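For reference, the structure is listed below as structure tokens.
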Amino acid sequence: MISLNTFRNMARTAAAVLLAVAVCASPAEAKKKRSSAKSSRTVENVQRDKKKAQQQISETSGKIKANTREINRQVNRLGQLNADIDNGRRSIERLNARIDTLSSLAAVARDSVTTLEGELETMRQAYVKALRRLQPEAARMNSWTFVFSAKSFNEAYQNIRYLRQFSAWRQRKAENIREVADRIAERRAELIRLHSESDEALRKVDASQRQLTRNQAEAETLLASLKKEDASLRQMLKEQKQKAAALDRELDRIIAEEQRRAAEEERRRKEEERKQQLARQKPQKQTSTSSPTQVAEAKPSKGNATARQQPVQTAAAATAALTGSFADNKGRLLFPVAGKYRVVRQFGRHPHPTLPHVETDNSGIDIEVSAGTQARAVFGGKVSAIFKQDGFNSIIMVRHGKYITIYAGLDNISVKQGDNVKAGQNLGTVFSDPDNDNRAVLHFEIRNERQKLNPTQWVK
Numbered sequence: 025m026i027s028l029n030t031f032r033n034m035a036r037t038a039a040a041v042l043l044a045v046a047v048c049a050s051p052a053e054a055k056k057k058r059s060s061a062k063s064s065r066t067v068e069n070v071q072r073d074k075k076k077a078q079q080q081i082s083e084t085s086g087k088i089k090a091n092t093r094e095i096n097r098q099v100n101r102l103g104q105l106n107a108d109i110d111n112g113r114r115s116i117e118r119l120n121a122r123i124d125t126l127s128s129l130a131a132v133a134r135d136s137v138t139t140l141e142g143e144l145e146t147m148r149q150a151y152v153k154a155l156r157r158l159q160p161e162a163a164r165m166n167s168w169t170f171v172f173s174a175k176s177f178n179e180a181y182q183n184i185r186y187l188r189q190f191s192a193w194r195q196r197k198a199e200n201i202r203e204v205a206d207r208i209a210e211r212r213a214e215l216i217r218l219h220s221e222s223d224e225a226l227r228k229v230d231a232s233q234r235q236l237t238r239n240q241a242e243a244e245t246l247l248a249s250l251k252k253e254d255a256s257l258r259q260m261l262k263e264q265k266q267k268a269a270a271l272d273r274e275l276d277r278i279i280a281e282e283q284r285r286a287a288e289e290e291r292r293r294k295e296e297e298r299k300q301q302l303a304r305q306k307p308q309k310q311t312s313t314s315s316p317t318q319v320a321e322a323k324p325s326k327g328n329a330t331a332r333q334q335p336v337q338t339a340a341a342a343t344a345a346l347t348g349s350f351a352d353n354k355g356r357l358l359f360p361v362a363g364k365y366r367v368v369r370q371f372g373r374h375p376h377p378t379l380p381h382v383e384t385d386n387s388g389i390d391i392e393v394s395a396g397t398q399a400r401a402v403f404g405g406k407v408s409a410i411f412k413q414d415g416f417n418s419i420i421m422v423r424h425g426k427y428i429t430i431y432a433g434l435d436n437i438s439v440k441q442g443d444n445v446k447a448g449q450n451l452g453t454v455f456s457d458p459d460n461d462n463r464a465v466l467h468f469e470i471r472n473e474r475q476k477l478n479p480t481q482w483v484k
């Protein structure tokens, strides 16, 4: 039997053991709890950091897009300014040439007035002198007494003739003086008109020069700003070149396919003609026992052969007939849009406006117009192809014999492939590009098959 003291000792020992276990276990549990709290805070931090990073990426992406749009807008504006500057210079040159012409005409008019005034003064003096010489006879000649003072009928008749001649002379001299005076008045009126037109031209030159100066200042500011965006500009130029090259390849492919089909049609036509020639040369043997029915049957056969002799009209041959007319109208073709427009990119190779030692190449001309403007056929022809291309939206090709006009950057097409179109007929609306500040730009080309031609030398 365990004594009370022994039980107490055992109880104390057990309590000590439990206390020791509790003391040993507490640091591990505390560490576990601390680890759990730390793990919870780490996940929250990661999620918060991830959300923050995503927000920063979104903001950066938005800034990049906005910056790209702004750079694109500035490049477009620079192109517009350069076009306006070129137009302004040409306008000033035309106005200055007109002013020179007006000055020459005014000088001629002044000389003419001076000459006529001298002539008028001479005529007046001569007329006055003549009248003074005839003054003693004037009273006598102005009355019938001059006639009746004659001593004979013949003398009276001569006096009447003289009186009439004198009256006619006075009228003629007065009329001459009036004519010269009228010519002087006309020349003076013309001189006033020339001076007025010259003054108006000078005012236009002054206004054009001021606008040109403003455009040049804005262009220089944009140029300085864009030079800081060299990398972005080069990337944009690279993308533009890729799109232009893709369009060139597609156009070349379509033209090559059209040439192949035309060549195949020509080969078949020549083969048909060869067969018809052989059929005509083959002797037709007629026996003496041929019946009337056989002769009658032979006649339709001959008629059919004659029908086959007519040349086969192919689509290529029909459009080829327009070639001469198209070529003869070089410099007089319709412009591909009506109303106001601005040529923002010219044909051929030109230095890049902002990137040094870089050239751009354009297969046609780029024409900026207002939204909703219609593109029109510059000459009658046949729609040979309609297709879409990245960066140019819809493209229409119109064939005029061996010449081709290309209208790129269209929307709401109003014709279909195979249609015959007339000069001035609407083809579609110029596309307003939402990715390019909603600008409406028509890319227009003229080709002699695959050879690229300068459109500005063909349209008026």
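Numbering (this note's numbering), first residue to last: 25 to 484.
Heads up, the beta-carbon is just placed ideally off N, CA and C, and yes, glycines get one too.
Remember, it's a predicted structure, so these values are computed and weren't measured experimentally.
DSSP places Asp390 in the strand class (E or B) of the three-state scheme. The residue among Phe350, Arg118, Glu289 with its C-alpha nearest the C-alpha of Lys446 is Phe350. Relative to the Cα of Asp435, the nearest Cα in the group Leu451, Val393, Ala107, Ala280 belongs to Leu451.
Here the alpha carbons of Asp390 and Arg369 stand approximately 5 Å from one another. Short of 6 Å from the beta carbon of Ala395, and not among the five residues preceding or following it, lie these beta carbons of its own chain, in chain order: Ser456, Ala464.
Glu469 places its beta carbon less than 8 Å from that of Gly388. Taken through DSSP and simplified to helix, strand or coil, His374 comes out as strand. In the DSSP assignment, Thr397 falls outside any beta strand (DSSP E), carrying neither H nor E. Here Ile109 is not near Gln233, since their CB atoms are 8 Å or more apart. Counting the other CB atoms within 10 Å of its CB gives Trp193 a total below 16, which places it among the exposed residues. In the three-state reduction of the DSSP assignment, Tyr151 falls in the helix class, which pools H, G and I. Arg423 is not a Cβ neighbour of Gly448, given a cutoff of 8 Å.
Taking the CA atoms as reference points, Ala243 sits about 29 Å from Val483.
The three-state secondary structure of Gln78, taken from DSSP, is helix. Between Tyr431 and Ala409, the CB-CB gap reaches or exceeds 8 Å.
The beta carbon of Gly372 lies closer than 8 Å to those of Asp385, Asn386, Asn478 in the same chain, with the five residues before and after it left out.
In the three-state reduction of the DSSP assignment, Asp461 falls in the coil class. Taking all protein chains shown into account, Thr237 has fewer than 16 neighbouring C-beta atoms within 10 Å of its C-beta and is therefore exposed.
Between the beta-carbon of Val361 and that of Leu466 there is about 6 Å, and that keeps the pair under the 8 Å contact cut.
Bridge partners of Asp435 according to DSSP: Thr453. Looking at the DSSP output, Tyr365 sits in no beta bridge, so it has no partner there. Excluding sequence positions up to five before and after Lys267, its CB lies within less than 8 Å of the CB of Gln413, Asp414, Gly415, Phe416, all in the same chain and listed in chain order.
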